[in-house]
Amino acid sequence: MPRYDAKPIEARWQQYWETHQTFRTEGPVPGKEKLYVLDMFPYPSGSGLHVGHPEGYTATDIVCRYARMKGKNVLHPMGWDAFGLPAEEHAVKTGTHPRITTEQNIDTFRRQLKMLGFSYDWSRELSTTDPAYYRWTQWIFLQIFETWYDATHEWTGPDGVHRRGKGRPIAELPIPPDVAAQGTEAIRRYQDRHRLAYVSEAPVNWCPALGTVLANEEIIDGRSERGSHPVVRLPLKQWMLRITAYADRLAEELEDLKWPESIKYMQRNWIGRSSGAEVDFSVQVDSSVEKQLKDWQGKRASLGFPAEPEPGVIRIYTTRPDTLFGVTYMVLAPEHPLVSSITTDSQRSQVEDYIRRSSLKSDLDRTDLAKEKSGVFTGGYAINPVNGQSVPIWIADYVLISYGTGAIMAVPGHDERDYAFAKAFDIPIVQVVAPVPGDKSSIAADLENSAYTELGIAVNSGAYDGMKTDEFKAKITRDLTESGLGREAVNYRLRDWLFSRQRYWGEPFPIWHELDDQGNPTGLMRTDAIDSLPVLHPHMEDFKPTGTPEPMLAKATPEWLFRTDSDGVKLKRETNSMPQWAGSCWYYLRFCDNLNSECFIDPEKEKYWLPVDLYIGGAEHAVLHLLYSRFWHKVLFDRGYLSHSEPFQKLVNQGMILGENGEKMSKSRGNVINPDDIVREYGADSLRLYEMFMGPLEQVKPWQSTGVEGVYRFLGRVWRLMIDERAETMTLLESVVDAEPTTEQLRVLHKTIKAVTDDIDRLAFNTAISRMMEFTNFMSGQELRSRSVLEQFIRLLSPFAPHISEELWHVLGHEETLAWEPWPQYDPALLIEDTVEVPVQINGKVRSRIVVSATCDAAELQAAAQADDVVQKNLEGKSIVKVVSVPGRMVNFVVR
RNA sequence: GGCCGAGUGGCGGAAUAGGCAGACGCACGGGACUUAAAAUCCCGGGUUCCGUUAAGGAGCGUACGGGUUCAAGUCCCGUCUCGGCUACCA
2 MPRYDAKPIE
12 ARWQQYWETH
22 QTFRTEGPVP
32 GKEKLYVLDM
42 FPYPSGSGLH
52 VGHPEGYTAT
62 DIVCRYARMK
72 GKNVLHPMGW
82 DAFGLPAEEH
92 AVKTGTHPRI
102 TTEQNIDTFR
112 RQLKMLGFSY
122 DWSRELSTTD
132 PAYYRWTQWI
142 FLQIFETWYD
152 ATHEWTGPDG
162 VHRRGKGRPI
172 AELPIPPDVA
182 AQGTEAIRRY
192 QDRHRLAYVS
202 EAPVNWCPAL
212 GTVLANEEII
222 DGRSERGSHP
232 VVRLPLKQWM
242 LRITAYADRL
252 AEELEDLKWP
262 ESIKYMQRNW
272 IGRSSGAEVD
282 FSVQVDSSVE
292 KQLKDWQGKR
302 ASLGFPAEPE
312 PGVIRIYTTR
322 PDTLFGVTYM
332 VLAPEHPLVS
342 SITTDSQRSQ
352 VEDYIRRSSL
362 KSDLDRTDLA
372 KEKSGVFTGG
382 YAINPVNGQS
392 VPIWIADYVL
402 ISYGTGAIMA
412 VPGHDERDYA
422 FAKAFDIPIV
432 QVVAPVPGDK
442 SSIAADLENS
452 AYTELGIAVN
462 SGAYDGMKTD
472 EFKAKITRDL
482 TESGLGREAV
492 NYRLRDWLFS
502 RQRYWGEPFP
512 IWHELDDQGN
522 PTGLMRTDAI
532 DSLPVLHPHM
542 EDFKPTGTPE
552 PMLAKATPEW
562 LFRTDSDGVK
572 LKRETNSMPQ
582 WAGSCWYYLR
592 FCDNLNSECF
602 IDPEKEKYWL
612 PVDLYIGGAE
622 HAVLHLLYSR
632 FWHKVLFDRG
642 YLSHSEPFQK
652 LVNQGMILGE
662 NGEKMSKSRG
672 NVINPDDIVR
682 EYGADSLRLY
692 EMFMGPLEQV
702 KPWQSTGVEG
712 VYRFLGRVWR
722 LMIDERAETM
732 TLLESVVDAE
742 PTTEQLRVLH
752 KTIKAVTDDI
762 DRLAFNTAIS
772 RMMEFTNFMS
782 GQELRSRSVL
792 EQFIRLLSPF
802 APHISEELWH
812 VLGHEETLAW
822 EPWPQYDPAL
832 LIEDTVEVPV
842 QINGKVRSRI
852 VVSATCDAAE
862 LQAAAQADDV
872 VQKNLEGKSI
882 VKVVSVPGRM
892 VNFVVR
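Going by the numbering used here, the first residue of the first sequence is number 2, and it counts up by one from there.
This is the structure we're talking about:
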C-alpha cells in the first residue's frame, strides 16, 4: 500500500494511542509546567458531530500536541453536557428513557471524536448525567444554599487580592435581636431570605410548549431561545440564585482576563451597572400640599431615609437626580403595590383594565409596542420633594417592576422614553438642562422635537441653576441624603438567576419541604445529608409533560416524594429540577479529579491545574455559560474551596463554519457537511488540516469541498517526499539519505520551524499550514533529501496531521510514538541569507530590483542602487531631492 | 436606533514593525507522462493601454471620497455596504 491511504494508517495509530495510553495525563507533577486546554464540551445530540465541532477541537488538539513536545504537562479532557430537553422530548415521543438515548448519543460522539485522532485523556471522560458527577452538582448547590453574601466584609483571598464583599456560611449571618426574639422558626425564615439560593414567588417566564419556565437569558424577543415558542408570564414559586450579589465582582474581575474585548463588553452590558439615586415622593393626600410636604420633610429630617418607604410614599430610582426640577409626572409599573391605593374611584376601572391587559401581554407584545407608549392616569398626585410641585401619577408598562424600585420620576425634557410618553399624552415638558454656553461640541437643545439627553448646565432648578450636570448630581444627592429624602443607589440590569425547571431530565434538588399536619408546606426547608447524595431520579414510565407548571417529578411515586424525618416532621421532596447550565458550570473543575469520591476536587489538584489556560468554544455562550460558571466559581472561591477567583484565563471563540453557499448550515437549507463523509473519503488528517487551513480560527468562513482535496493532495506530496509509491511494500525513496543537508535546505527548514512555531503560538494555524506547504514544494524539487531534515519537518506536521506523521516517523525507523519527541528548535544563524533582492523606487514607484549582500548598510545599498542601469536611466536629467535607504528593505529616490 | 467587527483577484485567504500587494490553497488555461484516462509533474495568470500576436514598457488597482508621509491594504477624517451583538433597565 505504498500510496497514501489514510484509512488503515489512522485506524492503526488510533489503536496504538489507545493501547499505549499515550495521552494519559498524570496529576500534579511538581516542577513540571502545566497547561490546561479545554474545549467547550458538547451536548451529545442525536444527529452526531457536525463540522463546527472539529474546528475548535482541532485547534486545541494542535496546541496540546505542540505543548507536550515542548515538555509541558498537558491536561486535555473531554466530556458530555448531557442533561437537556431533546432526550426528554424523544422520550415523550417514543417512551425510551432519556438515559438510554443519552448513552447512545454519547457513544456516537465518542466514536466520532476518536475517529478524528484528538489527544484527549479519555480516562477523564465525564458526563453531567452520571450520578457520580451530579452528586457533586447537588453538593455545590447545597454550598450555595448554605451561603449568604456579606457585602461589607473586607478580606484577602488566597490569591492575595483584597476584596470587599464575601460569600459566607449562613451560620455566620448576624440575626437582628427582634428576629432572634421570635424564636427558631423566625430565625430560619430570616436565614432563608438571605441565602444565595432561595425560593421566590414572582412573575416568571413560563413556556407552555417546552413545559418549563425559562431564565431571562433563555428568552429572545419574547420567545424561547430553544425552538422559538411563545412565553407567558406567570407568578410561580421558583428557585433563584443570587447572582446579583456578585454583579460588581463579575464585572470588575473581567478586566485582567485574556478574553475577546467583545465578550467582556457583552458581559459588562448584561450586568449593566448604573449608579444614581433613590428619591422618595410623598403621595398627595389633600389640597394642603405645602403643609403635607413640610410635615413629612420635618419627620424625614429627624428620622432619616428609611430602609423601606412608609405607606403612601413612592420610592423611585434615577440616574439623573439633577433633573428633579424637570419632573412633570411619575410612572408606576402596573404591578407596583401602591397602584390600587393611589388610584381614584373615577379612574379605577380604566386602571384595572390596563393592568389586566398588560399582565396578559407577553414580552414580545411589550416589545412590539415599543414605538407607541401606553399608560393610564391613576388620578393620584405626588409631591416633588425639591420644589413642592404636585405631579400626576400614571401607570405604564414601559416601567418594569423588576428593575430599580418599579417606579420612576418622569422628566420628558431629558429622557427619550418620557418624552415620547409626554408627547402621546399631552403632558408638559420642562427644560432643566441647557447646553454649556460656548461649548462648540455640544448639541443645541430642541425640546419641540426631541428630549435633550446630553450633559450640560442646570436651568429652572432653583438654587442649583448654573451648576454643571456632574456637580449637580453629587450635590443634590448629598442634600437629599442629609434631609432624609434620598440616597445614592446602584442598580443592575442583571437579575437573579431563575434556577428551577419543571423537567425530568435534569438534576433533582437535594431539598425537602416541611409539611404541617394537614400535609401543606410550611415554607420551611431541610436539605439532604451530604453523605446521602446523589438524589437520584425516580423511576417513571410516562414522560409526557403535565401541561401545567406542575413539575414532571411531581408525578413520581409517594416513596420518592415523601418521608418522615427522625423528629417526626413530614417532608415532601422538591420536585423542580436544575437547568442544563448547572452541570456545565463546574465541569472544568471535575476534569482535574474526575474519579474522586471524597470531594468534588482535591485542593492540591485544583491549585496545580487551575485556571484553565486556554478555553475554546462558540461565542453563543458569551453571557450564559460563561457568566454562570464565573459566578459559581466565585462562590466556591469565597467559601474556601478554590484558590483562583476566575476559571478561564484565556478565551477564544472559533468562527462559525458556513455551508458552501455561504449560508448557515442547516438541514432545512440542505447544506450540511457531515464529518463522517469527509473522513471516509479523505481521512481525519485531511479534515483536521482543512478546517485549520480555511482561514483564521475566529473568523466566520464558508466550507469548500475542493479545499479538502487541496490539503489531501498536500499530504500526498508529503508522503511522496519519502515513500516509494512504486514499491510493493513500505519503502523509503532512494533520495532519502543520511547525508548532510545543503545550506539552502537547512535555511528553508529553519525558516519553516520558526514560522510554524510562531504561528502556533498565536493560533494562526492557516498560515502555519501554508508554510509547511511551501517547505514541501521546495523539498519536492530537491534530488537528495536529508533524513534529519525530513524528521524535523514531520515533527512540525504532527500536531496538525498526527496519523500520517506517526506513520512516516515509523517508516523513518522509529519504534515509539512521536507524540513525546522534542519540538524542533531553529538556529537563528541559519536563517540569514547571503544576498537579498531589494526594490528600488523612484518617487515611490518600483523601477528596478537589485541583489545585494544581506549585510550591506544604508550607504552601500544606495550606492548599489545608483549603479543599477535602469535606475540610472530613470535618474537621468533629474535632480535628487532626497534618498531613503532602508537596509534589507528598499531604496527610494525622490527626484524632481 | 446604539455598540462592536469586517470590506484585498473568479473563490478561501496572506502581508507580525508604515517599506516589493495578492504568500499558500482552490478553480481555470497550457504543456509533459499515458494507447487512453485517472493520478502525478512542470508552466501561466489583478486589470487597462502601448507594443506585430513577441520581448518589453506605461497607467490604474486592497469598498468609496479626502488627508498625513519619501512611502498607506496598514495611520487620521468623512461616506457607503455587509456581518454580529443589543434594544423601553429610568
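Glycine residues also receive a C-beta, built at the ideal position from the N, C-alpha and C atoms.
Predicted, not measured: the structure shown is a model, and the values here were computed from it.
Indicate whether residue i and residue j have their beta-carbon atoms separated by less than 8 Å.
| i | j | result |
| --- | --- | --- |
| Trp81 | Phe601 | no |
| Val896 | Val885 | no |
| Ile396 | Leu333 | yes |
| Tyr453 | Ala459 | no |
| Ile317 | Thr406 | yes |
| Asn672 | Glu664 | yes |
| Arg631 | Leu242 | no |
| Gly485 | Phe326 | no |
| Met41 | Gly618 | yes |
| Glu605 | Pro31 | no |
| Arg901 | Ser736 | Only positions 2 to 897 of the chain appear in this structure, which leaves residue 901 out of reach. |
| Gly49 | Phe110 | yes |
| Leu637 | Leu628 | no |
| Pro178 | Glu147 | no |
| Leu235 | Leu86 | no |
| Glu279 | Ala490 | yes |
| Glu202 | Gly684 | no |
As a quick exercise: from the options, pick the residue whose alpha carbon is nearest that of residue i.
| i | options | result |
| --- | --- | --- |
| Pro612 | Cys593, Leu625 and Leu791 | Cys593 |
| Lys635 | Val460, Ile145 and Pro429 | Ile145 |
| Ile770 | Glu784, Lys755, Met331 and Phe119 | Lys755 |
| Phe500 | Tyr199, Gln867 and Glu560 | Tyr199 |
| Pro338 | Phe766, Val314, Tyr399 and Trp149 | Val314 |
| Arg301 | Glu741, Leu481, Lys606 and Ala68 | Leu481 |
| Gly708 | Leu211, Ser687 and Glu735 | Ser687 |
| Glu607 | Arg479, Leu143, Pro159 and Val712 | Pro159 |
| Asp835 | Thr856, Val570 and Leu819 | Thr856 |
| Asp614 | Val64, His751 and Ile843 | Val64 |
| Arg763 | Thr26, Thr61, Ala12 and Arg13 | Thr61 |
| Ser375 | Gln348, Pro335 and Tyr404 | Pro335 |
Return the first residue and the last residue of the beta strand (DSSP E) that residue i is part of.
| i | result |
| --- | --- |
| Lys259 | No beta strand (DSSP E) holds Lys259; DSSP gives it neither H nor E. |
| Ala383 | Val377 to Ile384 |
| Met657 | Note, Met657: premise wrong, no beta strand (DSSP E); not H, not E. |
| Thr753 | Careful: Thr753 lies outside any beta strand (DSSP E), inside the alpha helix (DSSP H) at Thr744 to Asp762. |
| Arg564 | Phe563 to Thr565 |
Taking 8 Å as the limit between beta carbons, can you name the residues of its chain near residue i, skipping five residues before and five after?
| i | result |
| --- | --- |
| Gln285 | Gln293, Gly381, Tyr382, Ala383, Ile384 and Ser391 |
| Lys259 | Gln650, Lys651 and Leu652 |
| Pro3 | Ile724, Asp725, Glu726, Arg727, Ala728, Glu729, Thr730, Met731 and Thr732 |
How would you write the range of the alpha helix (DSSP H) that residue i sits in, first residue to last?
| i | result |
| --- | --- |
| Gln842 | Taken as a continuous stretch (DSSP letters only), Gln842 belongs to no alpha helix (DSSP H), being part of the beta strand (DSSP E) at Thr836 to Ile843. |
| Trp14 | Ala7 to His21 |
| Ser303 | Val290 to Leu304 |
| Gly584 | Trp582 to Ser585 |
| Ser789 | Arg788 to Leu798 |
| Arg111 | Pro99 to Met116 |
Once you ignore the five residues that flank residue i on each side, which residues in its own chain have a CB closer than 7 Å to its CB?
| i | result |
| --- | --- |
| Val701 | Gly656, Met657 and Leu659 |
| Pro539 | Leu554, Ala557, Thr558 and Trp561 |
| Gln705 | Glu661 |
| Leu370 | Note that Leu370 has pLDDT 44, beneath the 50 cutoff, so the model's placement of it is unreliable and the number below is only indicative. Closer than 7 Å at Cβ, skipping near neighbours: no residue. |
| Gln192 | Ile171 and Leu174 |
For residue i, which residues in the same chain have their Cβ closer than 6 Å to its Cβ, ignoring the five residues on either side in sequence?
| i | result |
| --- | --- |
| Gly507 | Phe84, Ser578 and Met579 |
| Asn778 | none |
Entirely within the segment 145-213 and at least 4 residues each: give me those alpha helix (DSSP H) ranges in chain order. 178-181 and 185-195
Mind listing, in chain order, the continuous beta strand (DSSP E) runs of no fewer than 3 residues lying wholly within the segment 62-91? 74-76
Could I get the ranges of all uninterrupted alpha helix (DSSP H) runs contained in the segment 645-710, with 4 residues as the minimum, in chain order? 676-683 and 685-694
Which residue spans inside the segment 548-633 form an unbroken beta strand (DSSP E) run of at least 3? 563-565, 571-574 and 615-618
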